[in-house]
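K.L.:
In the numbering used here, the protein residues as written are 432 to 643. Ideal Cβ placement from N, Cα and C applies to all residues, glycine included.
(1) Given a threshold of 16 other Cβ atoms within 10 Å of its Cβ, counted over all protein chains shown, does residue 478 qualify as buried or as exposed?
(2) When the Cα atoms are used, what is the spatial distance from residue 553 to residue 547?
(3) Tell me whether residue 581 sits in a helix, a strand or coil according to DSSP, three-state version.
(4) Which two residues bound the contiguous beta strand (DSSP E) that contains residue 514?
(5) Report the residue ranges of all beta strand (DSSP E) runs contained in full by the stretch 514-595; include only those spanning at least 3 residues, in chain order.
(6) Given that a residue counts as buried once 16 or more other Cβ atoms are within 10 Å of its Cβ, and exposed if not, what is residue 498?
(7) For residue 446, name the three-state secondary structure that DSSP assigns.
(8) Across which residues does DSSP place residue 474 in a beta bridge pair?
(9) Taking residue 492 as the reference, give the member of 622, 563 and 534 with the closest Cα.
(10) Compute the Euclidean distance between the alpha carbons of residue 604 and residue 472, then round it to the nearest angstrom.
(11) Can you give me the Cβ contacts of residue 469 inside the same chain, cut-off strictly under 6 Å, excluding the 5 residues immediately before and after it?
(12) In this structure, how does DSSP classify residue 617 when only helix, strand and coil are distinguished?
(13) Is residue 510 near residue 561, with beta carbons less than 7 Å apart?
(14) At the level of alpha carbons, what is the spacing between residue 599 and residue 514?
(15) Would residue 602 pass as a contact of residue 538 if the rule is Cβ separation under 7 Å?
(16) Excluding sequence positions up to five away, which residues of its chain have a Cβ less than 6 Å from the Cβ of residue 569?
(17) Can you pull the DSSP bridge partners for residue 496?
(18) For residue 439, does the three-state DSSP call read helix, strand or coil?
(19) Please state whether DSSP places residue 662 in a helix, a strand or coil.
(20) Quick one, are the C-beta atoms of residue 633 and residue 457 less than 7 Å apart?
(21) Does the beta-carbon of residue 543 have 16 or more other beta-carbons within 10 angstroms, so that it is buried, or is it exposed?
(22) Quickly, what does DSSP pair residue 642 with across the bridge? List them, please.
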């Protein structure tokens, strides 16, 4: 049944593309509506909810003190994980993170670290001994396409909402997480001569050749 529905959706998307249109009426470079809420998880150091069209993601941030990596003794650590909740999509299965969840976490993590969005040097407590570890947990609640952009946006919003709990760990006063840049992910689906920004789930039925 799922295969039949997928083919029906694919045929409809292709028929609209031949008419020079997208199935939801957006222009080819137009994203869906975005809703952002922060501070939604009381026990987290930071959190955010993002709704991109009908795609919904929640991100929570927790922090603790740990040892730095040997090659960066004066920098904090960022660790990102993702969970694709089975109720979010018929294709998501219960159990440990699959390759899609791992890839989602990897891309979001890389975007944050490579853009140097967080000043990791300011998360050093004692060089070579103690640094702040930032754990970013992503939960995909509803997948209507483009989880990548929704998750990346939710992660940045959650980091902006994060307070470093220095007082609880007795290493000084609490302070806002030092976010110094705001990287934004924009994913496009490439199919033939068409490039569609922020593809929805039905549009992704025609192919998975995306660029972020």
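P.N.:
By the coordinates alone:
(1) Position 47 of the chain shown, counting from 1, holds the residue named residue 478. Buried: at least 16 other Cβ atoms inside 10 Å.
(2) If you number the chain shown from 1, residue 553 lands on position 122. If you number the chain shown from 1, residue 547 lands on position 116. It is roughly 12 Å from the alpha-carbon of residue 553 to the alpha-carbon of residue 547.
(3) In the chain shown, the residue the question calls residue 581 occupies position 150. Residue 581: helix per DSSP, three-state reduction.
(4) As a first step, residue 514 must be located in the chain shown, where it is residue number 83. Run containing residue 514: 508-515, per the beta strand (DSSP E) assignment.
(5) Counting only runs of 3 or more, we get 555-557 and 561-573.
(6) Locating residue 498 in the chain shown gives position 67, where the first residue counts as 1. Exposure of residue 498 is indicated by the presence of fewer than 16 other C-beta atoms within 10 angstroms of its C-beta.
(7) Reading the chain shown from its first residue, position 15 is the one you call residue 446. Three-state DSSP puts residue 446 in a helix.
(8) Along the chain shown, read from residue 1 onward, the residue named residue 474 stands at position 43. Partner(s): none; residue 474 has no beta bridge.
(9) For the purposes of this step, residue 492 is identified with residue 61 of the chain shown, where counting begins at 1. Per the C-alpha coordinates, the member of 622, 563 and 534 positioned closest to residue 492 is 563.
(10) On the chain shown, residue 604 is found 173 positions in, with the first residue counted as 1. On the chain shown, residue 472 is found 41 positions in, with the first residue counted as 1. Looking at the two C-alpha atoms, the distance is approximately 22 Å.
(11) The residue given as residue 469 occupies position 38 in the chain shown. Closer than 6 Å at Cβ, skipping near neighbours: 479, 588 and 592.
(12) Locating residue 617 in the chain shown gives position 186, counting from the first residue. Coil.
(13) Locating residue 510 in the chain shown gives position 79, counting from the first residue. Locating residue 561 in the chain shown gives position 130, counting from the first residue. Against a cut-off of 7 Å, the Cβ pair of residue 561 and residue 510 comes out as no contact.
(14) The residue you call residue 599 lines up with position 168 of the chain shown. The residue you call residue 514 lines up with position 83 of the chain shown. Taking the CA atoms as reference points, residue 599 sits about 28 Å from residue 514.
(15) Translated into the one-based positions of the chain shown, residue 602 becomes position 171. Translated into the one-based positions of the chain shown, residue 538 becomes position 107. No, the Cβ-Cβ distance between residue 602 and residue 538 is not below 7 Å.
(16) Here residue 569 refers to the residue found at position 138 when the chain shown is read from its first residue. The residues 490, 513 and 582, in chain order, have a CB closer than 6 Å to that of residue 569 in the same chain once the five nearest residues on each side in sequence are set aside.
(17) Counting from one through the chain shown, the residue named residue 496 turns up at place 65. For residue 496, the beta-bridge partners assigned by DSSP are 563.
(18) Taking the first residue of the chain shown as 1, we reach residue 439 at position 8. Three-state result, residue 439: helix.
(19) There is no way to answer for residue 662, as the model of the chain reaches only from 432 to 643.
(20) To locate residue 633, count along the chain shown from 1; it is residue 202. To locate residue 457, count along the chain shown from 1; it is residue 26. 7 Å or more divides the Cβ of residue 633 from the Cβ of residue 457.
(21) As a first step, residue 543 must be located in the chain shown, where it is residue number 112. Buried: at least 16 other Cβ atoms inside 10 Å.
(22) Within the chain shown, the letter at position 211 stands for residue 642. Under DSSP, residue 642 forms a beta bridge with 619.
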